[in-house]
Structure formats: structure tokens, C-alpha cells
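First the structure, in the form of C-alpha cells, and then the observations on it.
Number of protein chains: 2
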Amino acid sequence: MAGFSFEVEARDGRARAGRLLTPHGEVETPAFMPVGTAGAVKAVLHRDLDEIGARILLANTYHLMLRPGDAIVASLGGLHGFTGWRGPYLTDSGGYQVFSLAALRRVDEEGARFQSHIDGSAHLLSPERSMEVQMNLGADIVMAMDECPSGEAPREAVAEAAARTTRWAKRCRAAHRRDDQWLFGIVQGGIHPDLRETSARELVELDFPGYGVGGLSVGEPKAARGPVLELLDRVLPAGRPRYLMGVGTPEDVVDSVARGIDLFDCVLPTRNGRNGQLFTSRGRLSIRNARYRQDPGPPDPDCPCRTCRTTSRAYLRHLHLAGEMSAATLMTVHNLFYYLDMMREVRQSIRLCRFEEWRRRILHRLANAEQDGS
Amino acid sequence: MAGFSFEVEARDGRARAGRLLTPHGEVETPAFMPVGTAGAVKAVLHRDLDEIGARILLANTYHLMLRPGDAIVASLGGLHGFTGWRGPYLTDSGGYQVFSLAALRRVDEEGARFQSHIDGSAHLLSPERSMEVQMNLGADIVMAMDECPSGEAPREAVAEAAARTTRWAKRCRAAHRRDDQWLFGIVQGGIHPDLRETSARELVELDFPGYGVGGLSVGEPKAARGPVLELLDRVLPAGRPRYLMGVGTPEDVVDSVARGIDLFDCVLPTRNGRNGQLFTSRGRLSIRNARYRQDPGPPDPDCPCRTCRTTSRAYLRHLHLAGEMSAATLMTVHNLFYYLDMMREVRQSIRLCRFEEWRRRILHRLANAEQDGS
């Protein structure tokens, strides 16, 4: 498809480093996508994202279809024209948010009927409507609509959801008509190896240019994730990008890279930033902690981000407690920098064939870091 | 005093253009000071302030003495060390906020006893304590503690407050001991010419390096302001800076420059920015207005600020309605740019001896601009 390609350029074990080309620019993988729910990453400007090296953003179909509405976004040039972000975008299908946020009326084979959490208005999100919305939003990568059961759902429900996800994936393919977008299918199947394998094989048969892995950040036991990803690494085509949806902590990301994942998104760095929880090279740091009241040091002494270059823990704590918005901005900038910088290290260590060594070192450091180690 | 000077370099009518030198840099006057209440201008970073040309910030003594506490700020290098802002700061005395925000217990000759609006703790703000706090905060310019009656107070109360303000000014002078700070006296006297003249003469006798004008943004009739300022222009020493506290709209600022004022501060550009009210070259614009739902144009087509260069009205409206903090950031940046750019035009037109002409033009434009003219 015009303007798109994906190339795995280096491998170390199952970990892959590569390059994803989109009509709005190139993304080195493994990559982390900051979450810009409503067409903006909360508390920061595009300039901040540029400065910390963000390359691709995620935006949420559910939120944007409700406000300002996908037709309005389309009339203003799609997400790129509307928001002014020049790099690539990925949109999700909207399904996950319908299940988690909306007052849900009914899910059936046609789709999900729900009420907007904003104004209570009634909507149908079907595979066809999800494609229509995502074509209107105009992201570079769009996702097929899946049914994502909770991590505690019984096997039978997981199996049914996976089967429906395949049927919906076919309908999405049929409804999707923009050739400047890549449509990814989504693998479901929970923590059950046989269901995962079936789901993956059915989707591979549909020949998507890339694959999302759903249902692995929805309350399932963490230990179940590794075996599922290792199975998928065997079943999914080696030359196509894999996106693990909604995952996760730094440890989760590193472990999933080790199992062949190329793309990630998660609200953790942004949400924690607004809540005063910082990711640092020495562990997590809660800026509300009274021990930082007079601490003149930077949030993370090893970090070169703007926040750590210009702001002390004492000042950041003060801004946070005083309810100043700039606290959220400064901490979001730091946390996103932490994630994006970690991804740079991930890519470099894979290209140098030192990923396992690097991974052991960072996991050891994270495991031994105090909760508020400084 | 070391590191300080003020020079009036050009005049046009009563309007003056000059240069205020402080230990933390030079400020061209007339100047507008963004309000950084708690040691941060709300919703923006220092970088934004640098970029739009802010040179001097105001911080509120009342807020900072309560949180994080002036002793903590002092231990971290004063406001400059604590906040990282490298340019000059001015702090107010704290008196005005005690009168307007705190649960007030009693004001007597000693000072004001009050309860913190944050945690209810009991405090005394006296002239001596105000000086102690302001010396701890370490701003370049500090203000004597005044008693500021409401604009509707009876003449007798205004007279008493002005007399007390003089007595407090003497105590402030006696208590102030940092020679890297300039201490300004504050003229009171409401809208009564004779009281204003007495207050001003008493303060001039105390020989302050600069003078604040209080009691002119506290609910008094607007028409009363001009005559008071013209009177003060005759009584206050021509070579010392005059600071009109808490004023005001663009029209107010321009009219007060015409009457010899050099320094301004006001929450309008920042507060309105957070509320979605924009100052533009074509009048005020409320971003919530439904007419901007699909408007691809910049907030102000004549404005070169970052917000107007990168953001459409439709996107800004969406961010504001979605409750995104970046809406507040973007609109605060624009509004402050509007004010600071207006001050650049003010200074240039005075230096070119074209101030009256420029003033007539801008006031005419502001008067004829639609509320939501675009």
C-alpha cells in the first residue's frame, strides 16, 4: 500500500528492531505510543511531544466520535488537520471504550449499542461504523473492531468473543476503503493457548498488514502473558508489526519486546504524571511524599528531560499540592520521556545484540529500586 | 542600591517609556507582569513565558507564606532558586489577599490576624511579618503592607486606611533589610483627591524608590481612576517607577499608561485564558461559542503567537469543552502574548512620540470590536 512498509532490521532472540513507514513519517520499532485520547495527549502540547521524541500517537475512536464527532474532524482535515500533529496516528476501534466507559445497552452480532458517557445520546458501534469513524479520523493505522472479554471471563465466553472478533474483522476489511490507512486485525483468545492460536490463524488468513494483540491488559493473570506472546510469535507472520494493546508498566513493555512485540500504548506514564507518580531510573517516586518538601534535587538525577533539567522535587511537589496544572505538564513530560528513552535503549540494545543483557540489567534495577528510592 | 536603577527615557504627554534595572535583569517599561500566584503562572511553563517575552513576574506573598511556606522557599534559594525563573520578580505585601481570601479574624494597628484558606491555621500578617516573608521570598521588588478598603467604603474609612498605610509603610521601611531588594510604598486614598494627595505626599517623604497605587481595582467607579492618576502624576517623583496594582483590561492599561503608569499586573489574561475567553485584535472571543465548532481559522488571525500559529478555533474549542488542560495552556499563552505585545506597541509608540495616535486607534478598535467579532 502506498506510503507503508515495515521492515524487521535486527533480531536478538525473539526481540525485533525495525522500521515502520507511514504516510506521515517513519517510526522506529519497538515503539511506545503516547495516548492522546481526545485528540490531545493530556497536559502536554505537541511541542513537548516533539521535544521528547514521540513519533506516533494513539487517539481514541470512542471519545472522538462522541466529541467533537468524526464528521467534524473529517471536515477539518482528519486528525492531522484537526490537531496539527504531523507525525503518524493510530486509532483504536472504539470497542474497548464502549465496553469500559459507556452505559452499555446491548452487544450482539451487529455491534454494540450504547449511551454516550458525555450526554447520554444513543449510538451503535458496529464494525462498519468503526471503520467509517476511523476513515473519517484519518489515522495512519486503524484497528479492526474486536470483542474483548474481561480477563476473568470463562473460557466459553472468551472463545465466543474470539470467534466473533474474526467475523467482525472480515466485516471491517470489507468496509474499510482508504488506501492511505493500514488496517490491523486484533487477536483475541484470552489466556487459552488453543483459542489464541485459532484466533491468530484465522486473522492471518485474512492477511492483515499488522496485528494487534488484545485481551492482555484486562485483568488476566500477568504470568499468562508470556506464553501467549511466545505462541503468537510463532503463529503471526514474522515480517508484520505486532501491537500489544494497552500494555503497560516498564517491566511489561521490556518483557513483551523480548517476546516479539513491536508497538505499545498505555496511559500509565500520562495518568501517573497527572497523579504525581514519577517513573525514575531509581524506581517510582510519589511527589506528594513529605520527604521531598525541601529537596532541591531533580525528580530523576539521571534524566536529561526538560523537567529534570529545570525543576526540583520541592518545587514540583509544591506545584502538585497547590493544584497547579503545570505540575501535570512537567510530570507528564518526564514520564513520557522515561518511556520513550527506554524504547531508544530497547532498540539500540537489540541492534547491538545486547538486548538480553540490557533487559536483565534494567529489570534487576527496577526490581531493586525502592518505591521512593532516591 | 546595588543593581537597581530606573530611567525614564522618553515621554509623550504623561506617558513614559523607560528602563527598570534589577539584579535579575532589565525590564522595559511600561511593563505588564503576569501573575504567578503560587510561584507559577497558572497553566504555563517558564519556557512559554520566555518565548512570549515576559520579563518580570508577580508572585503572591499570601499564598507562598501559607504554602509551601516562606522559610522553605528561602532554604531553596528564594523564589528564583525555588521556581527556576531567572528574570525579576515582584511580590505583593500579602495584605490584599488576607482581606479578600482569608477567614479574617481582626485587623488592628498591629496587623491582620487571619486563618489560612488552605488549612484554617492561624496567622498574623503585620508590616514586619510581611517584610520578613518578602525577604525570605527574595523578589527583586517588594511592596510595603497597605490597608486597602473596598471601593465602596465611606470616606472616613478610606482616610483611616490611608493614614494607617503610611504608618505601616514606616514600619516596613524599618523592618526591611535586604539591599538587593527595592521596597515600594503604596498610595491609598480611594477616589478622594485630597486623601490621595496626602497619602502620596506622606509616602514621598519616606523616599521610596518606587510607588504602588492601590485601591484602584477594588470596585470603585472606573471614571474616578483617571483624575486620581493625573493627580498622582503631579505628586509622585517623576523619576521613580509607578505601579498600578491589579489593573486591568487592555483599555484600562492603555488609559493608565497615558496617565504616567509604568508597571501593571492583572489576572485577566491568565484567568480568562483558563475560562476560554480570548483577547484578540478583533475583540474578545469566547471559545465555547458554537459558531467555532468547525472554524479552521486561528484564534486571532493577526496574532503570531504559538497558539495562533498552531491551533484552530475548532480544535481549541474541542479541547476546552473536553476539559483538556492543554486548552488552558494554549489560551493562556495567547492572552499573555496579547498583553505583552500590546505593551511592546505602547513602548514603541511612546518612543516614537506617537502614543496618543496609537492609543486612539487601539481604543477605537477595541470599542468597535464585536464581543465575538471574527
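First to last, the protein sequences are chains A and B. Just so you know, we're using the numbering used here here: the first sequence kicks off at 182 and counts up by one. Just so you know, we're using the numbering used here here: the second sequence kicks off at 182 and counts up by one. Quick reminder that beta carbons are idealized off the backbone N, C-alpha and C, glycines included. Note that the structure is predicted; figures quoted are calculated from it, not measured.
Bounds of any beta strand (DSSP E) do not take in Arg382 of chain B; it lies within the alpha helix (DSSP H) bounded by 374 to 386. When 7 Å is used as the limit between beta carbons, Lys223 of chain B is near these residues of chain A: Glu505, Met506, in chain order. Sorting A:Pro204, A:Leu459, A:Glu209 by C-alpha distance to the C-alpha of Arg498 of chain A places A:Leu459 at the top.
Contact note: Tyr496 of chain B reaches chain A through Gly220, Leu257, Phe263, Thr264, Gly265, using a C-beta cutoff of 8 Å and chain order. Residue pairing by DSSP places Asp251 of chain A in no beta bridge whatsoever.
For Gln278 of chain A, the enclosing alpha helix (DSSP H) stretches over residues 276 to 282. Not one beta carbon of chain B lies nearer than 9 Å to the beta carbon of Ala325 of chain A.
The beta carbons of Gly220 of chain B and His205 of chain B sit no closer together than 9 Å. Comparing alpha-carbon positions, the option among A:Asp483, A:Arg348, A:Phe263, A:Leu412 lying closest to Tyr473 of chain B turns out to be A:Phe263. Around Asp327 of chain B, the same chain offers Ser274, Gly276, Thr346, Trp349, Ile367, Gln369, Gly395 as residues with beta carbons nearer than 7 Å, after the five sequence neighbours per side are excluded.
Among the residues of the stretch 234 to 251 of chain A, those with a Cβ less than 7 Å away from any Cβ of chain B are Arg248, Pro249, in the order of the chain.
The beta carbon of Arg406 of chain A does not come within 9 Å of any beta carbon belonging to chain B, so the residue lies off that interface.
If you look at Tyr270 of chain B, you'll find it in the beta strand (DSSP E) that goes 270 to 272. Note on geometry: alpha-carbon atoms of Leu239 of chain B and Arg525 of chain A lie some 41 Å from one another.
With respect to the C-alpha of Gly301 of chain B, the residue from B:Arg352, B:Trp539, B:Leu285 having the closest C-alpha is B:Leu285. Under the Cβ distance rule, Gln458 of chain A does not count among the residues neighbouring chain B, no pair being separated by less than 9 Å. The Cβ atoms of Leu376 of chain A and Arg336 of chain A sit closer than 9 Å to each other.
For Tyr520 of chain A, the enclosing alpha helix (DSSP H) begins and ends at 506 to 532. With fewer than 16 other beta carbons inside 10 angstroms of its own, Arg358 of chain A counts as exposed. Under a criterion of Cβ atoms nearer than 9 Å, no residue of chain A is adjacent to Ala283 of chain B; the nearest Cβ is some 16 Å distant. Contact annotation: the stretch 415 to 434 of chain B touches the stretch 377 to 388 of chain B, with at least three C-beta pairs closer than 8 Å. Counting only unbroken stretches of 4 or more residues, the alpha helix (DSSP H) elements lying wholly within the stretch 387 to 438 of chain B are 406 to 416, 431 to 438, in sequence order.
Fully contained in the stretch 455 to 503 of chain A are the following alpha helix (DSSP H) runs of length 4 or more, in chain order: 487 to 491, 494 to 502. Annotated as proximal: Asp481 of chain A and Tyr519 of chain A, with beta-carbon spacing under 9 Å. Residue-level contact check: Ile543 of chain A does not touch chain B, since none of the beta carbons of chain B fall below 9 Å from its beta carbon. Straight-line spacing of the CA atoms in Leu500 of chain B and Ile253 of chain A works out to 14 Å.
The beta carbon of Ala183 of chain A lies closer than 7 Å to those of Asp360, Asp361 in the same chain, with the five residues before and after it left out. Cβ contact annotation for Ala356 of chain B (same chain, cutoff 6 Å, sequence separation greater than five): Glu309, Met312, in chain order. In this structure, Glu333 of chain A lies near Gly400 of chain A, with their beta-carbon atoms less than 9 Å apart.
Taking a cut-off of 8 Å on C-beta distances, the stretch 187 to 205 of chain B touches the stretch 521 to 536 of chain B, as three or more cross pairs fall below it.
Listed along chain B is no residue with a C-beta nearer than 7 Å to that of Thr451 of chain A; the closest approach is about 11 Å. Per DSSP, the beta-bridge partners of Val216 of chain B are B:Leu239. For the stretch 465 to 481 of chain B, the set of positions with a beta-carbon nearer than 8 Å to some beta-carbon of chain A reads Arg474, Gln475, Pro477 in chain order.
In this structure, the straight-line span from the alpha carbon of Asn456 of chain B to that of Ala471 of chain B is close to 15 Å. Beyond the five residues adjoining it in sequence on each side, His227 of chain A comes within less than 7 Å, by CB distance, of Gly265, Trp266 in the same chain, given in chain order.
In the three-state reduction of the DSSP assignment, Arg192 of chain A falls in the strand class.
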